[in-house]
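Here my numbering is used: position 252 in the sequence shown is 445, and no number is missing along the way.
Beta carbons: idealized from backbone N, C-alpha and C, even for Gly.
Notes follow once the structure below has been shown.
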Amino acid sequence: MAAIEPIDIVELGVADAPAGLVLSTEAGWNQNEADWRFFLSHGIVFGVRDGDRLVASAALLPYWAGNAWISMVLVTPDFRRRGIATKLVDACLDVAKRRGLTAWLDATPAGATVYGPLGFEPTLQLRRLRLEKPQGANATRPLSAGNLDALATRDSRAMGFDRSTLLSAFVARPGSRIVSDERAMALIRDGRAARHIGPLLADRADQALGLVEAIVGSESGPWLIDAVHAQDAFLEGLVRAGWNIERPFQRMRFGAATALPAQLPFAVAGPEFG
Ligand SMILES: CC(C)(COP(=O)(O)OP(=O)(O)OC[C@H]1O[C@@H](n2cnc3c(N)ncnc32)[C@H](O)[C@@H]1OP(=O)(O)O)[C@@H](O)C(=O)NCCC(=O)NCCS
């Protein structure tokens with residue numbers, strides 16, 4: 194549907210975190226208020242208001258080495274198909290272009306229909322999986338507390354750029370922990386409705402699966418994980434262990450690839466963070 198009224202885009206501030214949370218909760222997403230505060234204080238978040246009500250959002254989070262993540266592209270149902278998401282993502286891209294940033298995002302199928310025509314190109318695919326009822330405290334392998342520097346170093350090899358600011362903010366939240374066992378390492382954090390595992394870094398699928406098994410045996414869920422589709426042995430192992438595939442995400446890039454990741458992660462930090 195063509196726009197029937199002008200769309201005023203505003204830049205949002207940290208005080209908009211609760212209103213942002215209403216939008217992402219309405220879409221059934223797992224972000225909590227701490228996630229919104231991170232975007233609003235470290236990124237540039239655009240929004241559209243109808244009176245006092247926030248009805249749409251999109252965030253650009255600058256990372257390191259000329260890269261940025263676009264996320265939180267949300268339009269409340271009664272304002273959809275008026276070109277609002279397109280305009281908000283355009284506003285994010287304008288900032289990215291001005292700052293010389295390559296923009297990345299992980300698109301839902303609905304989002305991909307907006308981003309493709311804007312010039313985003315597909316890269317890797319992800320699968321969001323959910324484990325509703327893990328067996329409970331039944332750890333099969335020893336889990337030790339991981340180290341933030343070691344996680345940031347491995348994460349940077351997997352992404353091609355540094356994300357220590359994000360990872361240290363995650364770790365500082367109540368309920369977060371870094372866990373490792375021999376060759377695998379992961380971050381666990383609270384979400385609005387489920388605990389989230391990611392990023393998860395390992396050399397081999399069996400190591401990654403062993404770590405997930407130990408994590409879900411160490412505390413109760415429900416759990417979410419965003420697995421890299423190309424890690425097929427890992428994905429198949431999760432499904433065999435009772436995880437359900439909820440939805441696909443398509444990673445997309447706007448602009449030149451600036452850094453080549455050395456090693457694929459098994460699970461990412463989340464579609465909103467990459
Ligand atoms: C995806 C979403 C952000 C789109 O917002 P929107 O403001 O309706 O998008 P736009 O009006 O800019 O759509 C632009 C074009 O994308 C396509 N498009 C958008 N939503 C679509 C849908 N649900 N199905 C098919 N095509 C769609 C259409 O081609 C549309 O143009 P048209 O309306 O002229 O046909 C919104 O539906 C939403 O919030 N969904 C839930 C959360 C979500 O998935 N966000 C994306 C995260 S990556």
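- Only buried fits V241, as 16 or more other CB atoms lie within 10 angstroms of its CB.
- A220 has its Cβ nearer than 8 Å to a heavy atom of ligand 1.
- With fewer than 16 other Cβ atoms from the protein chains shown falling within 10 Å of its own Cβ, Q456 counts as exposed.
- For I408, the secondary structure class from DSSP, reduced to helix, strand or coil, is helix.
- Below 8 Å, enough C-beta pairs join the stretch 311-325 and the stretch 412-421 to call them touching: three or more.
- In this structure, the CA atom of P464 is about 15 Å from the CA atom of D348.
- The beta carbon of I237 sits closer than 6 Å to the beta carbons of L253 and V288 from its chain, once the five residues preceding and following it are set aside; these are given in chain order.
- For E439, the secondary structure class from DSSP, reduced to helix, strand or coil, is strand.
- In the structure shown, V461 falls within a coil segment according to DSSP collapsed to helix, strand and coil.
- Straight through space, the alpha carbons of P270 and F363 are spaced by roughly 30 Å.
- Taken in chain order, the whole beta strand (DSSP E) runs of length 3 or more contained in the stretch 225-249 are 237-243.
- In the DSSP assignment, V282 falls within the unbroken alpha helix (DSSP H) covering I277 to R291.
- Per DSSP, the unbroken beta strand (DSSP E) holding E314 starts and ends at E314 to L324.
- Excluding five sequence positions before and after V248, the CB atoms of its chain that fall closer than 6 Å to its own CB belong to V241, T269 and F272, given in chain order.
- Under the three-state reduction of DSSP output, D374 falls in the strand class.
- Listed by position in the chain, the residues whose beta carbon lies within less than 5 Å of some heavy atom of ligand 1 are A220, V266, L267, V268, R273, R274, G276, I277, A278, T279, A300, T301, A303, G304, T306 and V307.
- Under the criterion of beta carbons closer than 8 Å, A379 and P392 qualify as touching, at roughly 7 Å.
- In this structure, the straight-line span from the alpha carbon of G410 to that of I438 is close to 20 Å.
- Exclusion of the five residues before and after G293 leaves G259 as the residues of its chain whose Cβ lies within less than 7 Å of its Cβ.
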